[in-house]
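S.K.: Below is the structure I would like to discuss, written out as structure tokens.
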Amino acid sequence: GGGALLLPGEAEALVQALRGGPLRNTGDHGWLRQHEAIEKLNMQAILSASAGQEQLLIELLVNYAKIPTLIEELISVEIWKHKVFPVLCQLEDFKPKSTFPIYLVLHHEASIINLLETVFFHKEICESAEDTILDLIDYSYRKLTLLAAQSTNELQKQAEMMEFEISLRALSVLRFITDQVDSLPLSALTRMLNTHNLPCLLVELLEHCPWSHREAGKLKKFENGAWHVVPPEDHVRMTKLDGQVWLALYNLLLSPECQRKYNLDGFNKSQLLKLRAFLTDVLIDQLPNLVEMQRFLSHLVVTEPVPPKKELILEQVPVIRDRIVRENSGKWQAIAKHQVKHMFSPSEDELKHLACRWARTYNLDVMEALVPEKPKCGLCGSEATKRCSRCQNEWYCKRECQVQHWQKHKKACNLMADALKKIKEDLKVQP
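full-length UniProt numbering puts the first residue of the sequence shown at 1, with every later residue one more than the last.
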């Protein structure tokens, strides 16, 4: 059944304790405790969502008004990555015994967006974001522009990194936000349609399709956290990510409220009409709602767009990012120095302590329960039972596939094996 990782009282205590803190404290003890709490809530959310029992966590987040806090934390760590991290890496005295604490900060963004992706499906969560929904829309927009801009070989390098996955989760969150267009504040619609022109950005993502690429004549798609070879009979199957883009477009283009606000001028119209080429019968069979999209586009061909009425409303704007940047402007170097000294140069004992806590947070039974489905063979894509013993990261159905795949897999395997070794050495974890 639904694995309960936390007792209701524990979950409540963790949610209640969530706080925003100054950027300067990123990585300190209080911050690490909160990171751990978010990880636990994350695992709890995934386990209970798969068992259809997430109501408790949803209620806690709404009642304690913690969605704005999480959005603020998300943006804070995004800023840390851009402003503090590069400075920190170049400091003379940055010679950590272990990069593990730094890794945790980089991982924090992934952790929060993961939690948001799991809960944002619920209308009341979306509503409880209140004004910070604007900040989240802007955040997602920044991530999607990253996705749309990448060339394929860049992406392979990126795929080893969290940034790619973070952007894909931001896409899901954005789709869940568009599910609520009827109840969103007007400024949120303006932000999505006019400020950021999301419909055109989404068209670009469909064209660009960063989650699939061809390699040595085989089609590979990114699903559930890894690249998989797609067998020929599945080439036309829509992936979850394509689905998210189509649903977001559907929500943004077919809602009457959005149609009133969106300017279907020459450029936007010609971009949207590109969608017609993608709307094949095979696609519509998989997502029947898209019939309405097809009608909308056929109608668009023959209509002269009427520019939306200029409305004089005071638009709210997102404030979190500007506020954090303003508060810390001119201090990035000082913050980096402070953090290197106090947070990212832990002693042996502190590291051991951190490793033990970490191992407890990620107890392995939970990890097993979180793996969503049977792994697939890295070469042929059929169900796999054998795992590469060096990197623990790639699966195969039989030895022949593993041997054939080795030349391809070698580089990633070495990287992963080194990383595992390094973490073990860093943490002096006895096997």
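Every residue gets a Cβ at the ideal spot worked out from N, C-alpha and C, and that includes glycine.
Note that the structure is a prediction, hence the values are computed from the model and not measured.
So, is Phe176 buried or exposed, given that buried needs 16 or more other C-beta atoms within 10 angstroms?
M.R.: Counting Cβ neighbours within 10 Å, Phe176 comes out buried, since at least 16 surround it.
S.K.: Relative to the C-alpha of Leu272, which candidate in Gln286, Leu254, Leu297, Glu292 has its C-alpha closest?
M.R.: Nearest of Gln286, Leu254, Leu297, Glu292 to Leu272, Cα basis: Leu297.
S.K.: Restricting to Cα atoms, I'd like to know which of Arg191, Lys310, Asp28, Ala248 is closest to Val173.
M.R.: Of the candidates Arg191, Lys310, Asp28, Ala248, the one whose C-alpha sits nearest the C-alpha of Val173 is Ala248.
S.K.: Report all residues from its chain with a CB closer than 6 Å to the CB of Ser382; omit the five preceding and five following residues, and keep chain order.
M.R.: Only Cys397 meet the Cβ criterion.
S.K.: Would you mind listing the alpha helix (DSSP H) stretches within the stretch 291 to 377 that are 4+ residues and don't spill past its ends, in chain order?
M.R.: DSSP runs (the alpha helix (DSSP H)) wholly in the stretch 291 to 377: 320 to 328, 332 to 342, 348 to 361, 364 to 370.
S.K.: Would you please state the rounded distance, in angstroms, between the beta carbons of Lys221 and Val230? I believe it to be under 8 Å.
M.R.: The Cβ separation is near 5 Å, so the contact holds.
S.K.: I'd like the list of long-range same chain contacts for Leu205, defined as Cβ closer than 7 Å, with 5 residues on each side in sequence excluded.
M.R.: Closer than 7 Å at the Cβ level, and outside the excluded window around Leu205, lie Leu144, Leu147, Ala148, Val245.
S.K.: Counting only runs of 4+ residues fully inside the stretch 51 to 119, write out the alpha helix (DSSP H) ranges in chain order.
M.R.: Within the stretch 51 to 119, the complete alpha helix (DSSP H) runs of at least 4 residues are 55 to 63, 67 to 79, 85 to 89, 100 to 119.
S.K.: Looking only at C-alpha atoms, which of Val119, Arg260, Trp406, Gly21 sits nearest to Ile46?
M.R.: For the residues Val119, Arg260, Trp406, Gly21, the minimum Cα distance to Ile46 belongs to Val119.
S.K.: DSSP state of Ala216, grouped into three classes?
M.R.: DSSP places Ala216 in coil when its eight states are reduced to three.
S.K.: Among Thr99, Gly378, Ile113, Asp179, which residue has its Cα nearest to the Cα of Lys410?
M.R.: Of the candidates Thr99, Gly378, Ile113, Asp179, the one whose C-alpha sits nearest the C-alpha of Lys410 is Gly378.
S.K.: Within a Cβ cutoff of 8 Å, which residues of the same chain sit near Leu104, ignoring the five residues on either side of it in sequence?
M.R.: Only Gly27, Leu32, His35 meet the Cβ criterion.
S.K.: Tell me the rounded alpha-carbon separation between Phe250 and Lys95.
M.R.: In the sequence under discussion, the amino acid at residue 250 is Tyr, which differs from the Phe named in the question. Computed Cα separation, rounded: 50 Å.
S.K.: Roughly how many whole angstroms lie between the Cα atoms of Met293 and Leu252?
M.R.: Rounded to whole angstroms, Met293 to Leu252 spans 11 Å at the Cα level.
S.K.: Using CA atoms only, rank isn't needed, just tell me which of Ile324, Asp182, Lys269, Met43 is closest to Ile113.
M.R.: Nearest option by C-alpha distance: Met43.
S.K.: Near Gln316, which residues of its chain fall below 8 Å by C-beta distance, leaving aside the five closest residues on each side in sequence?
M.R.: These residues qualify, in order along the chain: Asp131, Leu134, Pro185, Ser187.
S.K.: In three-state terms, what does DSSP make of Ile262?
M.R.: Before going further, note that residue 262 is Tyr rather than Ile in the sequence given. DSSP places Tyr262 in coil when its eight states are reduced to three.
S.K.: Considering just the uninterrupted stretch of the beta strand (DSSP E) at His196, what are its terminal residues?
M.R.: First-last for His196: undefined, no H or E at that position.
S.K.: Can you give the Cα-Cα distance for Leu18 and Pro8, rounded to whole angstroms?
M.R.: Cα to Cα, the separation comes out at about 16 Å.
S.K.: So does the stretch 322 to 335 actually touch the stretch 84 to 94, counting three or more Cβ pairs closer than 8 Å?
M.R.: Yes, they touch.
S.K.: Is Leu193 closer than 7 Å to Lys261 when the C-beta atoms are compared?
M.R.: Their beta carbons are under 7 Å apart, which means Lys261 touches Leu193 by this criterion.
S.K.: At the level of alpha carbons, what is the spacing between Leu168 and His353?
M.R.: Leu168 and His353: Cα-Cα distance of roughly 33 Å.
S.K.: CB Leu219 to CB His235, shorter than 7 Å?
M.R.: In this structure, His235 lies closer than 7 Å to Leu219 by Cβ.
S.K.: Tell me the DSSP secondary structure of Glu165 in three-state form.
M.R.: Three-state DSSP puts Glu165 in a helix.
S.K.: Just how far apart, CA to CA, sit His108 and Leu60?
M.R.: Going from the Cα of His108 to the Cα of Leu60 covers about 21 Å.
S.K.: Could you check which residue in Ala129, Phe100, Cys413, Val15 has the C-alpha nearest to that of Ser389?
M.R.: Measuring from the Cα of Ser389, the nearest candidate turns out to be Cys413.
S.K.: Look at the alpha carbon of His228 and the alpha carbon of Lys386, and state the distance between them as a whole number of angstroms.
M.R.: Distance between the alpha carbons of His228 and Lys386 is about 16 Å.
S.K.: Out of Ile102, Leu6, Glu54, Ile38, state which residue places its alpha-carbon closest to the alpha-carbon of Leu351.
M.R.: For Leu351, the nearest C-alpha among the options comes from Ile102.
S.K.: Can you check which of these residues, Asn63, Glu78, Thr99, is closest to Glu163 by C-alpha distance?
M.R.: Taking only the C-alpha atoms, the option nearest Glu163 is Glu78.
S.K.: In or out: Cys126 buried (at least 16 other Cβ within 10 Å) or exposed?
M.R.: Buried.
S.K.: Round the Cβ separation of His196 and Tyr139 to the nearest angstrom and send it over; I've been treating them as touching at under 8 Å.
M.R.: With 8 Å as the limit, His196 and Tyr139 do not qualify as a contact, their Cβ atoms being about 11 Å apart.
S.K.: With distance defined between alpha-carbon atoms, name the residue in Pro318, Gly217, Cys401, Glu223 nearest to Trp211.
M.R.: Comparing Cα positions, the closest option is Glu223.
S.K.: Check each candidate in Ala226, Leu136, Ala277, Gln55 and name the one with the smallest Cα separation from Glu394.
M.R.: Answer by Cα proximity: Ala226.
S.K.: Suppose you measure from the CA of Ala65 to the CA of Leu283; what does that come to, to the nearest Å?
M.R.: The straight-line gap from Cα to Cα measures roughly 39 Å.
S.K.: Are the beta-carbon atoms of Ile58 and His122 separated by less than 7 Å?
M.R.: In contact: Ile58 and His122 (Cβ atoms closer than 7 Å).
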